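Okay, so here's the structure we're looking at.
Protein chains: 2
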Amino acid sequence: MSAMRADARRNYDRLLAEAEAAFRERGTGAPLEEIARSAGVGIGTLYRHFPTRDALLEALLHDRFSTLCEREAELAGADSPRAALIDWLRDFARSSSRYRGLPDSVMATLANEESALHASCHAMREAGARLLARAQEAGEVRADLRPDELLLLAASVSWAAEHQEGDSAERLLTLLIEGIDPR
Amino acid sequence: MSAMRADARRNYDRLLAEAEAAFRERGTGAPLEEIARSAGVGIGTLYRHFPTRDALLEALLHDRFSTLCEREAELAGADSPRAALIDWLRDFARSSSRYRGLPDSVMATLANEESALHASCHAMREAGARLLARAQEAGEVRADLRPDELLLLAASVSWAAEHQEGDSAERLLTLLIEGIDPR
DNA sequence: TAAACATACGGAGGGTGCCTCCGGTTTGCA
DNA sequence: TGCAAACCGGAGGCACCCTCCGTATGTTTA
């Protein structure tokens with residue numbers, strides 16, 4: 008990392024920037040060849056820096072996932088463990104819908120240990136699990152809810168939001184939390 | 008339909024059978040060329056009978072969707088409108104997870120009026136909307152829930168179930184209905 | 001039943017995207 | 001300034017998509 012040739016560094020950065028733009032516009036399935044072209048770089052160069060699509064995603068999402076872990080620490084001392092959990096879930100859902108198709112990648116990644124994204128995903132998952140446990144101990148969330156179920160449901164809210172006009176993630180998350188019973 | 012050449016009819020049926028098998032094994036993205044080959048037919052023949060992947064899905068799912076509409080009629084006179092709705096949602100979720108990737112197709116289809124699946128999807132959606140309205144009138148389901156939200160959430164349960172070991176759709180649907188608050 | 005007509009068949013071919021491999025170029029250090 | 005290590009680029013093989021049209025087969029008619 009420290010010893011990286013100047014041209015390599017430049018290309019790496021350009022690739023990241025163009026990938027961000029492409030994923031935003033066309034989802035996580037955006038053609039890699041196009042990303043390379045926009046970055047003014049050959050496809051071989053892209054693949055050397057990022058051997059898989061996931062590696063590219065990893066580089067783009069790593070910070071965001073770490074932030075989610077730190078956020079857990081901040082929320083640890085909150086008044087209501089339930090509110091803390093919900094706040095965190097909101098953030099998680101937002102991160103998961105940063106690009107179209109991302110929820111699929113995130114879920115595939117949590118399952119697949121080989122994946123480049125796995126490590127950071129896993130850490131984030133642990134953070135979520137701790138928040139859930141705390142809320143459960145306080146009796147503010149149903150006791151039989153498992154962490155992987157919760158994350159899965161939160162991811163599925165992101166998935167759902169992709170299929171709806173406007174920014175409906177908030178609303179869908181509320182429904183998930185409250186259920187469909189009368190208010 | 009009535010006047011269909013014998014060879015055409017035979018090929019049509021074989022294609023449908025092989026498509027069912029392929030979608031079951033490899034999801035809705037299964038290679039069409041493989042389906043044609045297994046059916047002992049050229050790729051051109053597949054495309055003549057089914058101009059798009061959706062057309063193939065439509066043919067496979069049409070019956071199932073109709074059944075869902077009929078089911079609404081059966082459930083119309085149930086004791087509890089809420090239980091009726093939930094039963095129906097269960098069926099909907101089961102249909103939506105018949106093949107891997109199907110929830111995506113179903114949601115894309117509900118949005119896209121050009122799609123071959125759109126008509127039958129739409130009818131089904133109306134059926135769901137009626138069940139919801141009835142449950143809401145009885146005060147058994149929150150009044151601010153919109154039909155499209157409900158279907159979207161049910162589809163997202165199917166999506167989520169694909170990303171989990173075993174048959175978790177039932178459980179996830181329960182969570183969706185009850186919310187995460189303590190029991 | 002054989003010709004004539006309507007229908008259906010099949011696969012070659014052109015397009016997109018993935019990923020690998022390796023001859024040629026650039027960089028930074030001695 | 002020279003040279004090895006690091007890096008670049010794109011050609012090429014693969015998979016899949018979809019269209020087009022010459023050929024074959026089923027069906028009807030005389």
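As they're listed, the protein sequences go chains A and B. Every number in the numbering used here is 7 more than the matching position in the first sequence, counting from 1. Every number in the numbering used here is 7 more than the matching position in the second sequence, counting from 1. Beta carbons are placed, not taken as given, at the ideal position from N, Cα and C, and that holds for glycine. It should be emphasised that the depicted structure is a prediction, and the values quoted were computed from it without experimental measurement.
- For leucine 139 of chain B, the closest alpha carbon among the candidates B:Glu79, B:Asn119 and B:Trp166 is that of B:Glu79.
- Only Ala150, Asp151, Leu152, Asp155, Glu156, Leu157, Leu159, Leu160, Ala162, Ser163, Val164, Trp166, Ala167, His170 and Gln171 from the stretch 150–172 of chain B bring a Cβ to less than 8 Å from some Cβ of chain A.
- Taking a Cβ-Cβ cut-off of 7 Å, the neighbours of methionine 114 of chain B in chain A comprise His170, given in sequence order.
- By the neighbour-count definition (other C-beta atoms within 10 Å, threshold 16), methionine 114 of chain B is a buried residue.
- Within the stretch 126–184 of chain B, the complete alpha helix (DSSP H) segments at least 4 residues long are 154–169, listed from N- to C-terminus.
- Shown here, arginine 12 of chain A sits in coil according to DSSP, grouped into three states, outside any helix or strand.
- Excluding sequence positions up to five before and after leucine 158 of chain B, its CB lies within less than 8 Å of the CB of Phe99, Leu117, Arg132 and Gly135, all in the same chain and listed in chain order.
- A distance below 8 Å between beta-carbons, with the five flanking residues on each side excluded, links arginine 21 of chain A to the following residues of its chain, in chain order: Ala46, Gly47 and Val48.
- With its beta carbon at least 7 Å from every one in chain A, glycine 135 of chain B lies outside the interface.
- Pairing histidine 69 of chain B with alanine 13 of chain A, the inter-Cα distance amounts to about 59 Å.
- Boundaries of the alpha helix (DSSP H) around aspartate 111 of chain A: 109–118.
- The beta carbon of glycine 108 of chain A sits no closer than 7 Å to any beta carbon of chain B.
- Three or more beta-carbon pairs drawn from the stretch 50–70 of chain A and the stretch 15–35 of chain A are found closer than 8 Å, and the two stretches are therefore classed as touching.
- Around the beta carbon of asparagine 119 of chain B, fewer than 16 other beta carbons lie within 10 angstroms, which makes this residue exposed.
- For aspartate 188 of chain A, the residues of chain B that pass the 9 Å Cβ criterion are Arg89, Glu147, Val148, Arg149, Ile184, Glu185 and Gly186, in the order they occur in the chain.
- Serine 103 of chain B sits in a helix when the DSSP states are folded into three classes.
- The CB of leucine 179 of chain A comes closer than 9 Å to the CB of Glu156, Leu159, Leu160 and Ser163 in chain B, given here in chain order.
- Spatial neighbours of alanine 123 of chain A in its own chain (CB-CB distance under 6 Å, excluding positions within 5 residues in sequence) are listed in chain order as Asp61, Ala62 and Glu65.
- In the assembly as shown, proline 110 of chain B is a buried residue. Its beta-carbon has 16 or more other beta-carbons within 10 Å.
- For arginine 141 of chain B, the closest alpha carbon among the candidates B:Ala162, B:Arg44, B:Phe72 and B:Ser87 is that of B:Ser87.
- Close CB contacts of arginine 137 of chain A within its chain, under the 7 Å cut and outside five residues either way in sequence, are with Glu79 (chain order).
- In the structure shown, the three-state DSSP call for serine 122 of chain B is coil.
- Ranked by Cα distance from alanine 161 of chain B, the options B:Ala176, B:Glu147, B:Arg149 and B:Val148 are led by B:Ala176.
- When the beta-carbon positions are compared, glycine 34 of chain B and arginine 107 of chain B come within less than 7 Å of each other.
- Distance from the Cα of alanine 15 of chain B is smallest, within the candidate group B:Thr52, B:Cys128, B:Ala83 and B:Ala26, for B:Thr52.
- Distance from the CA atom of arginine 149 of chain A to the CA atom of aspartate 155 of chain A, rounded to whole angstroms, is 14 Å.
- A straight-line Cα-Cα distance of about 34 Å links glutamate 169 of chain A and alanine 85 of chain B.
- The beta carbon of cysteine 76 of chain B sits closer than 7 Å to the beta carbons of Ala130, Met131 and Ala134 from its chain, once the five residues preceding and following it are set aside; these are given in chain order.
- Within the same chain, Cβ atoms closer than 7 Å to the Cβ of alanine 167 of chain B are found at Leu179, the five residues on either side in sequence being excluded.
- In the DSSP annotation of this structure, phenylalanine 57 of chain A is not part of any alpha helix (DSSP H), being labelled neither H nor E.
- Put simply, the backbone Cα of aspartate 188 of chain A is about 29 Å away from that of serine 127 of chain B.
- Minimum Cα-Cα distance from arginine 105 of chain B among the listed residues B:Glu27, B:Glu147 and B:Glu41 corresponds to B:Glu27.
- In the DSSP assignment, isoleucine 187 of chain A falls outside any alpha helix (DSSP H), carrying neither H nor E.
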